[in-house]
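Asks: Numbering (the numbering used here), first residue to last: 2 to 135.
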């Protein structure tokens, strides 16, 4: 996913979460539910998104995010594997991915640097950023 798509995704989520305008007099006010972005929301923005879900958090490929690439990642601990691949029309569940093959090992830095997980692809570490609200 390129930086433009990522920026548009974050901006659309930010605008959705921050659209707390006061309704005109005499209209009903409803509470907005704010939470982490879902895989379905991400895939609506970009059907080609490289994402996976782990512990109910969606992670997006961060190859094009310089600040994520510049993080000093030390030792890694294996925390799971991709168990299934997403198919349109199915529910997106934990340990599911749109691009990573089944069996891909997922690692977490032992010294956490924010919501970053590492997938090992052909022996190469690839960083993924967790999409957390606010």
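Glycine included, every Cβ here is placed at the ideal spot set by N, Cα and C. What you are looking at is a predicted structure, and each value in this text was computed from that prediction instead of being measured.
(1) Using a Cβ-Cβ cutoff of less than 8 Å, which residues in the same chain neighbour residue 39 once the five nearest sequence positions on both sides are dropped?
(2) Please report how far the alpha carbon of residue 113 lies from the alpha carbon of residue 80, in whole angstroms.
(3) Thinking just about the alpha-carbon of each residue, which of 89, 121, 110 and 91 is nearest to the one in residue 102?
(4) Which residue wins for smallest C-alpha separation from residue 116, given the options 90, 56 and 65?
(5) Do you know whose CA, among 86, 54, 72 and 128, lies nearest residue 95's CA?
(6) Kindly give me the distance between the Cβ atoms of residue 78 and residue 105, rounded to whole angstroms, as I take these residues to be in contact under 8 Å.
(7) Along the chain, where does the beta strand (DSSP E) that runs through residue 121 open and close?
(8) Check for me: the alpha helix (DSSP H) holding residue 43 runs from which residue to which?
(9) List the endpoints of the continuous beta strand (DSSP E) containing residue 128.
(10) Relative to the alpha-carbon of residue 124, which residue among 107, 131, 130 and 132 has its alpha-carbon at the smallest distance?
(11) Use the C-beta contact count for residue 133: other C-beta atoms within 10 angstroms, 16 or more gives buried, fewer gives exposed.
Replies: Put simply:
(1) 59 and 93
(2) 13 Å
(3) 121
(4) 56
(5) 54
(6) That pair is no contact at about 16 Å.
(7) 117 to 122
(8) 40 to 46
(9) 125 to 131
(10) 107
(11) exposed
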